[in-house]
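First up is the structure itself, then whatever we jot down about it.
See below:
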C-alpha cells in the first residue's frame, strides 16, 4: 500500500496500536498505513472494527499481552467519558508503551487518571493530545487518511511527562502532516471552550427555536441560518461528554455570552418601549455587531480582502474580450502594486466590476491614472 | 438585452421605478431589464447610482413629477430606518403608482407610515414585501439578475390594501422567478426573528468571544466555528436598523434563548461541582443538543440522508472498476427501491463504503440479499 520501507519508519512508531476505530482512530490508522507503519486495531464494536479493517486502517487481530515487546505507541481514540479508564488500562497492559489519547478535553482526562490512582511512572508515559480535525459525520465510515494534514494537533505534555513520550506523540502528529501545537492542558481547554464548545451550544440553541415555528415560517430560512445551525446536527451523547468534561472553561465563556445576551435584551426592550428616543439602545446593538466583526477577523484564513489595512479601487470592466488584459496593462504600466484582485461578474450582464486591492496611499493615484485612460472608476 | 417584446410585459410593470440601488434594488433592476421591463433608478449616492446604471440595472435620468402617467410600480429599496419615509414620499409623488418596499422588517414600516399620517387611499396603494434573498456582500457591486430565483418573496398585504396593488407586487416577484409567500406583517416579523435576526445576534456574540483570546488559541479554529461565525461579518449600521425595527419579535425569541443559556449554565455549574453525581445535569445538556437536532431537521433541504424516516444499509465497495455497477445490478435485481445513495470514498484507500437509503422495512432483506451475493454489509 505504501512504498516507504519499514526501516524508514521512526522507531517511536514501530508498532502503533489504536483503541477505538471511530472517525479519528480510523483516520489515524489510514494515515499511518499509507506511510508503511504497522498498525493494530481494537474496538468494542465488531462492526466498527470490521469497517476500519476493511478500509485498510490496520490489523484487528487481538494482541497477546504476554508477547513482548508490545506496541511502542498506543492511541486511545475512545469517547471522552471513558478515555481516562482506557488510557490507564493500556498503560498497565504495556509497560513500555507511550499512551496518548485524542479526546477534545484534556485536563479532565488527566484529573481522572490521577483520581484513579495512576502511578507516576505510568503517568510519565502518558501524553494527552488533541488533533483538531474532524468531519460533520462520525464513525469509521467518514475516515480519511489526510484528515489531519495542515490541521493543528495539540500536545499537552505535563511537567512530569517523559521527554521520549512527548517526542513520540509529536512524531505521530508530524507523520500525519499535522501542525504540532504545544499547550498546557488548561490553556487548551480554555481555547476549545471558546472556539468549539460554546459555538456548538449557540448553534444548538438557535436551531432549537425552530421547533415550534410554523413550517411556513421555517421555509423562509436562508444561507445565514443554515451556516449558523450546520453543527446543530451534532450528536447529543458525544457532546454531553465533551461539555461535561470541560464544564468549568465552557461555563466561563458562556457566562460572558449570557451577559451580552442580557445587554441586547435590555436594548430591545428600550426600543420596544420608545423606538425614537432610545439612542443609547441603538448604540449598544451596533457595538454588539461591531464586536462580532472584531472577533470574526481574528479567525485565520481569507476573509475576502483586507478590511483595514488596504484600499479597494473599483473599476468597471466592459464585457468584451481583452478588457481585463487591457486593465492589467494599464495598471502595470502605471507601476502600481496590486495586492489582490476580485471580479464581480455575471454572464449576460453589461459589465463586471474589478476590485483592485492596493496600499491606501496608492489608491488615489491609481484612480487618476485609470480615469486618464478612459476607465470608469468609482469613488 | 432581452428578446421579450415590450408588449408582452405585464401592464403592472409598464414602468418600474427603483429607489435605492444597493444589492437588492440593483438586482431587481437587472432582473427586470433582462426581461424587457422599462426601469428607472434613483439613489442619494451618485456612486451607487452610477454603478447600478453601468451594470445595466436601469436609467438614472431623474423623473419629472409633472410628466404623467409616471411609474406604474415603485420599489423602495432603502435601508429599514428610512424605508417608511421614502415610501410615503413616493406615494405622494405618484398618485397612481403602487409602492412596495423590500425592507426585512414589515410591521415597523406599516406603523411608521400610519404615524406619519399616511392617508387611507395612499395606504391602499402600498404593499410591504420582503424578498428573502441576499449575498454576504452588500451594495450594487454584488447584484445579480438571478438573485431571487427560487427564493421566497414574502408579500404582506394589509386588509385595506387594494387588490390591484397586491397583484402588482406579486407580479414583480413572479417575474423575477421568486416564490410568492403571502403572510401578515406580524407573522413575517416573528418568522424572520427566529430564522434570521436571532441567528445573527448569536453569531456575533460567539465571534465576540474571540476578541480577547490569545492568537494561538484562535488558530485552533475549525470548520464549526467558521460556519457559526460566517455572518458575524455583517454590517453594524444595517443590522442595528433591522433589530431595532423588529425589536418586539426579536426580544421574544431571544428571551427563550436566554432561558436555555441559563439552563446550560446551571448544568455546567453542577458538573463543575461534582462531575460524577450530576446525572440530571448531563441529561439536561443532552436535551439541549437533541432539541437542536430537532430544530435543525426542520430546515428545508438536503441534510444528507433521512434521519428518522429511512434506514441506511452500508456496503463495502472494493476499489476496482465495475464494482459500483455490480452493486446497482444486485440491488436492482433484488427489486429493492433505493431512495438515496452516498459513497464515502478516498483515492488510494482499499475501498469505499456505499450507503443505500431504503425504507426501514426493506433494510434487512437488502442486507441478506447482498450478503448472499458475497458483498460485505455492516449491521
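Protein chains in written order, with this note's numbering: chain E, 111 to 489; chain R, 111 to 489.
Glycine included, each C-beta is placed from N, C-alpha and C at the ideal position.
Mind checking residue i: buried by the 16 CB within 10 Å criterion, or exposed?
i                      : result
residue 463 of chain R : buried
residue 356 of chain E : buried
residue 352 of chain E : buried
residue 453 of chain E : exposed
residue 273 of chain E : exposed
residue 280 of chain E : buried
residue 441 of chain R : buried
residue 227 of chain E : exposed
residue 310 of chain R : buried
residue 361 of chain R : buried
residue 478 of chain R : exposed
residue 235 of chain R : buried
residue 339 of chain R : buried
residue 481 of chain E : exposed
Who are the neighbours of residue i on chain R, taking C-beta pairs under 9 Å?
i                      : result
residue 273 of chain E : What residue 273 of chain E touches in chain R: nothing, since even the nearest Cβ is about 22 Å away.
residue 450 of chain E : Correct list: empty, because the minimum Cβ distance to chain R is about 15 Å.
Does the beta carbon of residue i come closer than 7 Å to any beta carbon on chain E?
i                      : result
residue 409 of chain R : yes
residue 350 of chain R : yes
residue 483 of chain R : no
residue 276 of chain R : no
residue 402 of chain R : yes
residue 130 of chain R : no
residue 149 of chain R : no
residue 317 of chain R : yes
residue 208 of chain R : no
residue 361 of chain R : yes
residue 375 of chain R : yes
residue 427 of chain R : no
So with Cβ pairs under 7 Å, would you call residue i a contact of chain R?
i                      : result
residue 346 of chain E : yes
residue 203 of chain E : no
residue 197 of chain E : no
residue 477 of chain E : no
residue 262 of chain E : yes
residue 405 of chain E : yes
residue 488 of chain E : yes
residue 159 of chain E : no
residue 416 of chain E : Reliability fails at residue 416 of chain E, whose pLDDT of 33 lies under 50, so the model's placement of it is uncertain and no value is given.
residue 446 of chain E : no
The alpha helix (DSSP H) spanning residue i covers which residue range?
i                      : result
residue 274 of chain E : 273 to 285
residue 376 of chain R : 357 to 383
residue 426 of chain R : Not the alpha helix (DSSP H): residue 426 of chain R falls in the beta strand (DSSP E), residues 421 to 428.
residue 330 of chain R : Run containing residue 330 of chain R: none; DSSP gives neither H nor E here.
residue 473 of chain E : 473 to 482
Go to residue i, then tell me how far its beta strand (DSSP E) extends in each direction, as first and last residue.
i                      : result
residue 465 of chain R : 461 to 468
residue 210 of chain R : 208 to 211
residue 239 of chain E : 236 to 241
residue 307 of chain R : Premise fails: residue 307 of chain R is in no beta strand (DSSP E) and is neither H nor E.
residue 152 of chain R : 149 to 152
residue 292 of chain R : 289 to 292
residue 127 of chain E : 126 to 129
residue 170 of chain E : Looking at the DSSP string, residue 170 of chain E is not in any beta strand (DSSP E), and its letter there is neither H nor E.
residue 450 of chain R : 450 to 454
residue 262 of chain E : 262 to 266
residue 186 of chain R : 183 to 186
Is the beta carbon of residue j closer than 7 Å to that of residue i?
i                      : j                      : result
residue 128 of chain R : residue 165 of chain R : no
residue 308 of chain R : residue 320 of chain R : no
residue 136 of chain E : residue 167 of chain E : yes
residue 258 of chain R : residue 288 of chain R : yes
residue 282 of chain E : residue 370 of chain R : no
residue 179 of chain E : residue 215 of chain E : no
residue 223 of chain E : residue 295 of chain E : no
residue 196 of chain E : residue 188 of chain E : yes
residue 299 of chain E : residue 243 of chain E : no
Cβ closer than 7 Å: which chain E residues qualify as neighbours of residue i?
i                      : result
residue 395 of chain R : 350, 353 and 354
Would you mind telling me which residues of chain R sit closer than 7 Å to residue i, beta carbon to beta carbon, in chain order?
i                      : result
residue 251 of chain E : 424, 454 and 463
residue 467 of chain E : Result: empty, since nearest Cβ-Cβ is about 14 Å, beyond 7 Å.
Mind checking whether the beta-carbon of residue i lies closer than 6 Å to any heavy atom of the ligand SAH?
i                      : result
residue 332 of chain R : The model depicted lacks the ligand SAH and carries no ligand whatsoever.
Whose Cβ in chain E lies nearer than 9 Å to the Cβ of residue i?
i                      : result
residue 337 of chain R : 309, 313, 336, 337, 338, 339, 340 and 341
residue 138 of chain R : What residue 138 of chain R touches in chain E: nothing, since even the nearest Cβ is about 14 Å away.
residue 441 of chain R : Result: empty, since nearest Cβ-Cβ is about 19 Å, beyond 9 Å.
Identify the contact partners of residue i in chain R, using a Cβ-Cβ distance below 8 Å as the criterion.
i                      : result
residue 145 of chain E : Near residue 145 of chain E there are no residues of chain R at all, since even the closest Cβ is about 12 Å away, more than 8 Å.
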